[in-house]
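Colleague: In the numbering used here, the protein residues as written are 25 to 754. Cβ coordinates follow ideal geometry from the N, Cα and C atoms, glycine included. Predicted model, so just to flag it, every value in this text is computed and none were measured.
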Amino acid sequence: MTEKEELKKEKRGKGPVICGYPLSIFFIVVNEFCERFSYYGMRAVLVLYFKYFLNWNDDFATSIYHVFVALCYLTPILGAIVADSWLGKFKTIIYLSIVYALGQIAMAISAVHDITDQNRDGTPDNMTFHVVLSMVGLFLIALGTGGIKPCVAAFGGDQFTNEQENQRRTFFSVFYLCINGGSLLSTIITPILRAQQCGIHTKMECYPLAFGVPAALMVVALVVFIVGSPMYFKAKPQGNIMLDVCKCIGFAIKNRYKHRSKQYPKREHWMDWAEEKYGKLLIAQIKMVLKVLFLYLPLPMFWTLFDQKGSRWTLQATTLNGDFGVFIVQPDQMQTFNPILILTLVPIMDNIIYPLIKKCGFNFSPLKRMTVGMFLAAMAFVCAAVVQLQIDKTLPTFPSSSQSQIKLLNMAPNVISVQIQGNNEEQLLPNQASPEYYTLDTDIISVSVVNPPMKKTISLTKGHRQTLLLPTNLSNEWQLTDDLISKPQKGANAIRFVNGFNTPINISTAEVEFEVTEPLLASNYSLLKNGKQTFTIRSNSASCTVEKEFGFGSSYTYFIPSTFTFSTDCGGEITEVEEIKPNTVHMALQIPQYFFITAGEVMFSVTGLEFSYSQAPSNMKAVLQAGWLLTVAVGNFIVLIVAELAKLPKQWTEYVLFASLLVAVCFIFSIMAYFYTYIDPAEIEAQFTNEVKHDDDDDDEDKPRKNSQKSEMEMVKQKDGHNYKLQTKL
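#1: How do the stretch 396-411 and the stretch 685-693 stand: do at least 3 beta-carbon pairs fall below 8 angstroms, yes or no?
#2: My parser needs the alpha helix (DSSP H) runs of 4 or more residues fully inside the stretch 574-657; what are they?
#3: Compare the C-alpha of lysine 505 against each of Asn530, Ala566, Asn548, Pro543 and name the closest.
#4: Helix or strand or just coil, what does DSSP make of aspartate 138?
#5: On a CA-only basis, which of Ile52, Ile42, Gln220 is nearest lysine 16? Give me that one, please.
#6: Can you tell me the Cβ-Cβ gap for threonine 581 and glutamate 571, rounded? I've got them flagged as a contact below 8 angstroms.
#7: Do isoleucine 105 and methionine 325 come within 8 angstroms of each other at the CB atom, strictly closer than that value?
#8: Taking Cβ positions, are leucine 164 and glycine 127 nearer each other than 8 angstroms?
#9: Please state whether the Cβ-Cβ distance between methionine 765 and serine 48 is less than 8 angstroms.
#10: Is it true that the stretch 615-623 meets the stretch 593-601, where meeting means three or more beta-carbon pairs spaced less than 8 angstroms apart?
#11: Only counting the same chain, and skipping five residues up and downstream in sequence, which positions put a Cβ closer than 7 angstroms to that of aspartate 145?
#12: Roughly how many angstroms lie between the CA atoms of phenylalanine 348 and alanine 341, to the nearest whole one?
#13: Out of Met358, Glu449, Ile172, which one is the CA nearest neighbour of valine 471?
#14: By the 10 Å Cβ neighbour count, where 16 or more other Cβ atoms means buried, how is tyrosine 63 classified, buried or exposed?
#15: Which word fits glycine 577, buried or exposed, when buried means at least 16 other C-beta atoms lie within 10 angstroms of its C-beta?
#16: Could you tell me which of Asn55, Cys222, Pro40, Gly206 sits nearest to glutamate 535, measuring between CA atoms?
#17: Step through the CB atoms of chain D and report whether any lies within less than 8 angstroms of the CB of glycine 446.
#18: On the three-state DSSP scale, how would you describe threonine 194?
#19: Taking all protein chains shown into account, decide if valine 176 is buried (16 or more other Cβ within 10 angstroms of its Cβ) or exposed.
#20: So asparagine 517 is in the beta strand (DSSP E); what residue range does that whole segment cover?
#21: For alanine 107, I'd like the list of residues in its chain whose CB is within less than 6 angstroms of its CB, leaving aside the five on either flank, ordered along the chain.
#22: With DSSP collapsed to three states, give me the class of arginine 489.
#23: Helix, strand or coil for threonine 26? Go by DSSP, reduced to three states.
#24: Are the CB atoms of aspartate 296 and isoleucine 310 within a distance shorter than 8 angstroms?
#25: Under DSSP, the alpha helix (DSSP H) around glutamate 59 begins and ends at which residues?
#26: Helix or strand or just coil, what does DSSP make of glutamine 733?
#27: I think asparagine 660 touches alanine 94, with their Cβ atoms under 8 angstroms apart; what is that distance to the nearest whole Å?
#28: Starting from the Cα of lysine 486, find the closest Cα among Lys480, Phe699, Gln427, Leu544 and give me that residue.
#29: Beta-carbon separation of glycine 168 and tyrosine 97 under 8 angstroms?
#30: Closest by CA to leucine 201, which one among Ile531, Asp704, Pro371?
#31: Which word fits glycine 44, buried or exposed, when buried means at least 16 other C-beta atoms lie within 10 angstroms of its C-beta?
#32: Please return the same chain residues whose Cβ sits closer than 6 angstroms to the Cβ of tyrosine 320, not counting the five positions on each side in sequence.
#33: If the criterion is Cβ atoms closer than 8 angstroms, does the pair threonine 395 and cysteine 58 meet it?
#34: With three or more beta-carbon pairs closer than 8 angstroms as the criterion, would you say the stretch 426-443 touches the stretch 454-465?
#35: To which residues does DSSP link leucine 551 through a beta bridge?
#36: Which class does arginine 291 belong to by DSSP, given the choice of helix, strand or coil?
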């Protein structure tokens with residue numbers, strides 16, 4: 025050990041100590057909690073921001089969401105290279121955290137609709153500004169969160185001496201709890217913030233607050249980390265093993281290509297072609313890594329399914345009933361089941377399930393656990409498909425692009441008989457609407473009234489739902505209104521009023537002011553939350569109040585007849601026309617799919633990281649971690665491809681497609697696992713260590729090769745004291 029290294033060793037662990045732990049790690053733990061709160065809080069509401077603020081369709085919102093997640097798992101490779109080769113972990117965390125915080129602030133600003141809402145109608149007038157700013161923000165966040173991902177845990181481990189091995193293990197357990205604690209709290213809190221109303225001129229859903237709080241937490245994380253700076257042990261960058269591995273592999277491929285002629289004898293392994301330049305120990309270590317990386321090839325399909333809980337499943341939750349009695353669950357809050365179940369299932373699996381399986385005599389090896397985990401994830405998507413089928417049963421049949429739909433509303437106080445061409449005659453009761461929509465294959469129809477005899481030609485709009493208002497005096501103009509052709513957004517209820525009065529009326533609630541509705545006309549739809557709503561109806565100096573109870577995702581037209589009186593019981597005189605039924609499928613039906621996907625994560629992700637760690641050479645743990653994160657990125661790109669190219673007509677068929685693909689991949693992986701032979705990297709490395717020692721005793725020839733191998737051995741020894749426990753939710 026050099027004098028410089030001795031000084032470093034002496035400096036490590038010399039800072040303040042509390043209960044046997046370096047004080048510096050408390051700053052790192054708080055930093056990690058705040059950073060994970062920031063990341064998962066922002067991500068929880070992201071897909072709803074895309075759909076309801078930027079007005080993107082489901083497929084495009086899903087695609088951009090998964091591009092962002094994929095980038096978050098690609099940039100750790102860049103962060104590891106920068107930290108190990110140039111800046112060191114401390115400076116890399118500082119600089120990229122600043123980038124991270126700027127990205128979160130940009131996201132919060134992009135969600136302020138008042139910036140470009142010149143006409144103050146609640147909708148941004150320059151959507152390009154918001155899209156560009158949000159995309160810049162997401163890119164900076166991906167660069168920041170991914171860049172610091174491989175650095176923070178390792179930097180925390182650097183603070184301990186070799187005599188503090190027990191404290192180091194406890195630190196990683198606390199570190200893991202901070203990750204899941206931040207994730208859990210943020211996915212509860214930010215959807216609540218998002219559901220609030222805020223705005224300078226027009227009150228809208230408060231995405232600026234939902235993004236602003238995570239931005240503030242990221243600033244806090246940065247400040248806390250900087251405050252602890254004087255107490256940190258800051259290891260200098262010592263070169264990146266990933267670059268060495270890439271160079272060695274590149275040389276082997278290049279050398280093999282040069283000697284592709286049959287005159288050159290074959291070698292046992294293609295990596296052996298690197299022996300002319302690199303030591304046998306490094307080559308043997310790379311062989312071990314490549315063996316594990318080969319097993320990684322089918323793994324992206326698991327992440328393809330897993331990360332859809334933040335996109336497709338959240339969008340599915342918007343069509344469900346979130347009323348749990350004592351509380352209302354927002355669609356984006358359902359993701360909280362994942363961290364809750366993780367904290368519950370990890371100890372149950374480790375302390376109960378796995379020991380029981382072992383006692384039963386089954387060899388439940390890590391690769392078998394991963395196979396079962398993939399199968400459970402597939403079952404989660406089967407559950408999602410079943411839930412989607414139940415949802416589809418409750419959805420109305422909307423017209424296709426070649427069809428028209430029409431409903432009739434009798435505004436008269438007497439019964440009238442009406443016939444639409446091609447349909448039977450129908451009796452319309454006083455102040456009532458036809459019970460169902462007529463679906464027609466033409467856009468020009470004739471409507472006949474039997475008594476008094478009258479016939480009119482009506483021009484409809486294909487692909488639309490419309491209501492024909494039949495006035496008390498049929499000789500007056502017949503008005504045609506446009507109805508909704510999709511479920512109201514975010515589980516809200518779309519409400520409008522039709523005025524059968526001969527004077528204008530004004531209707532309002534505590535949150536919504538309907539526009540003044542003129543006689544014989546309909547107001548525009550307004551979106552109201554679930555629960556009890558009190559409407560105040562005014563005409564001239566008269567007024568009365570009406571109470572209505574709403575569920576989730578419904579659409580109603582309320583008709584105020586000409587005989588309406590402003591009394592204490594005026595609500596009984598209003599006709600309620602249900603156009604779209606409220607969501608009847610309960611959000612609790614998503615719990616089984618969250619259980620299966622989380623059980624799959626515990627068996628697949630936790631076990632996969634442990635397996636990779638045990639099968640990797642001592643100085644190449646980071647290489648395999650980078651490979652593992654790369655499978656997550658590839659999995660998210662697969663979602664992007666399917667969402668954009670498959671274009672399946674029904675959502676449940678897409679769920680079944682993903683489940684089928686994962687089952688097929690699961691079968692392939694089980695075959696690969698069957699032929700895999702577990703190894704002991706330390707034992708293999710020891711063989712080369714002994715070989716080098718033996719050569720040193722024999723003679724001093726070929727010193728360059730020996731020096732290379734000795735250097736590799738020293739690297740192994742140095743790195744061996746820093747084998748950090750990998751985390752499951754990175």
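Modeller: If we stick to the structure as given:
#1: yes
#2: 615-625, 631-639
#3: The residue labelled residue 505 in the question sits at position 481 within the sequence shown. Correcting the residue type first, residue 505 is threonine in the shown sequence and not lysine. The shortest Cα separation from threonine 505 among Asn530, Ala566, Asn548, Pro543 belongs to Asn548.
#4: Reading the sequence shown from its first residue, position 114 is the one you call residue 138. In the structure shown, aspartate 138 sits in a helix (DSSP, three-state: H, G or I).
#5: Past the edges of the chain, shown from 25 to 754, lies residue 16, and the structure says nothing about it.
#6: Stepping through the sequence shown from its first residue, residue 581 is reached at position 557. Stepping through the sequence shown from its first residue, residue 571 is reached at position 547. Their Cβ separation, rounded to whole angstroms, is 18 angstroms, which puts threonine 581 and glutamate 571 out of contact at 8 angstroms.
#7: Taking the sequence shown and counting its residues from 1, the one referred to as residue 325 is at position 301. Taking the sequence shown and counting its residues from 1, the one referred to as residue 105 is at position 81. No, the Cβ-Cβ distance between methionine 325 and isoleucine 105 is not below 8 angstroms.
#8: Working through the sequence shown from its first residue, we reach residue 164 at position 140. Working through the sequence shown from its first residue, we reach residue 127 at position 103. Their beta carbons are under 8 angstroms apart, which means leucine 164 touches glycine 127 by this criterion.
#9: The first residue shown for the chain is 25 and the last is 754, placing residue 765 beyond what the model contains.
#10: no
#11: Here residue 145 is taken as the residue at index 121 of the sequence shown, counted from 1. These residues qualify, in order along the chain: Thr226.
#12: On the sequence shown, position 324 is the one that residue 348 refers to. On the sequence shown, position 317 is the one that residue 341 refers to. Between phenylalanine 348 and alanine 341, the C-alpha separation is close to 14 angstroms.
#13: Here residue 471 refers to the residue found at position 447 when the sequence shown is read from its first residue. The shortest C-alpha separation from valine 471 is found at Glu449.
#14: For the purposes of this step, residue 63 is taken as the residue at position 39 of the sequence shown. Buried is the call here.
#15: If you number the sequence shown from 1, residue 577 lands on position 553. Answer is buried; the Cβ neighbour count reaches 16.
#16: Counting from one through the sequence shown, the residue named residue 535 turns up at place 511. Of the listed residues, the one whose Cα sits closest to glutamate 535 is Cys222.
#17: In summary, chain D is missing from the structure at hand, where a single protein chain is found.
#18: By 1-based counting over the sequence shown, the position of residue 194 is 170. Helix at threonine 194.
#19: Residue numbering aside, residue 176 sits at position 152 when the sequence shown is read from its first letter. By the neighbour-count rule (16 or more Cβ atoms within 10 Å), valine 176 is buried.
#20: Numbered from its first residue, the sequence shown carries residue 517 at position 493. Unbroken beta strand (DSSP E) run through asparagine 517: 517-523.
#21: Within the sequence shown, numbered from 1, the residue matching residue 107 stands at position 83. Answer for alanine 107: Lys113, Thr116, Cys175, listed in chain order.
#22: For the purposes of this step, residue 489 is taken as residue 465 along the sequence shown, with counting starting at 1. Here arginine 489 sits in strand by DSSP.
#23: For the purposes of this step, residue 26 is identified with residue 2 of the sequence shown, where counting begins at 1. Only weak support is given to the placement of threonine 26: the predicted model assigns it a pLDDT of 45, under 50, and the question is left unresolved by the model.
#24: Along the sequence shown, one-based indexing puts residue 310 at 286. Along the sequence shown, one-based indexing puts residue 296 at 272. No, the Cβ-Cβ distance between isoleucine 310 and aspartate 296 is not below 8 angstroms.
#25: Looking up residue 59 in the sequence shown gives position 35. Segment 48-68, the alpha helix (DSSP H) holding glutamate 59.
#26: Against the sequence shown, residue 733 aligns to sequence position 709. For glutamine 733, the pLDDT reaches just 46, beneath the cut-off of 50, and the residue's location in the model is therefore unreliable, although a value from the coordinates is still provided. Residue state, collapsed to three classes: helix.
#27: The residue labelled residue 660 in the question sits at position 636 within the sequence shown. The residue labelled residue 94 in the question sits at position 70 within the sequence shown. Right, their Cβ atoms sit about 4 angstroms apart.
#28: In the sequence shown, counting from the first residue as 1, residue 486 sits at position 462. Looking at the Cα atoms, Gln427 is the closest of the given residues.
#29: Taking the sequence shown and counting its residues from 1, one reaches residue 168 at position 144. Taking the sequence shown and counting its residues from 1, one reaches residue 97 at position 73. No, these two residues do not count as a Cβ contact at 8 angstroms.
#30: For the purposes of this step, residue 201 is taken as residue 177 along the sequence shown, with counting starting at 1. Out of Ile531, Asp704, Pro371, Pro371 has the C-alpha closest to the C-alpha of leucine 201.
#31: Taking the sequence shown and counting its residues from 1, the one referred to as residue 44 is at position 20. By the 10 Å Cβ count, glycine 44 comes out exposed.
#32: Against the sequence shown, residue 320 aligns to sequence position 296. If we look at tyrosine 320 and ignore the five residues flanking it on each side, its Cβ neighbours are Gly651, Thr655.
#33: Position 371 of the sequence shown holds residue 395. Position 34 of the sequence shown holds residue 58. No; because the gap between Cβ atoms is not below 8 angstroms, this pair is not in contact.
#34: yes
#35: One-based indexing of the sequence shown puts residue 551 at position 527. DSSP output for leucine 551 lists Ala518 as bridge partner(s).
#36: Taking the first residue of the sequence shown as 1, we reach residue 291 at position 267. Residue state, collapsed to three classes: coil.
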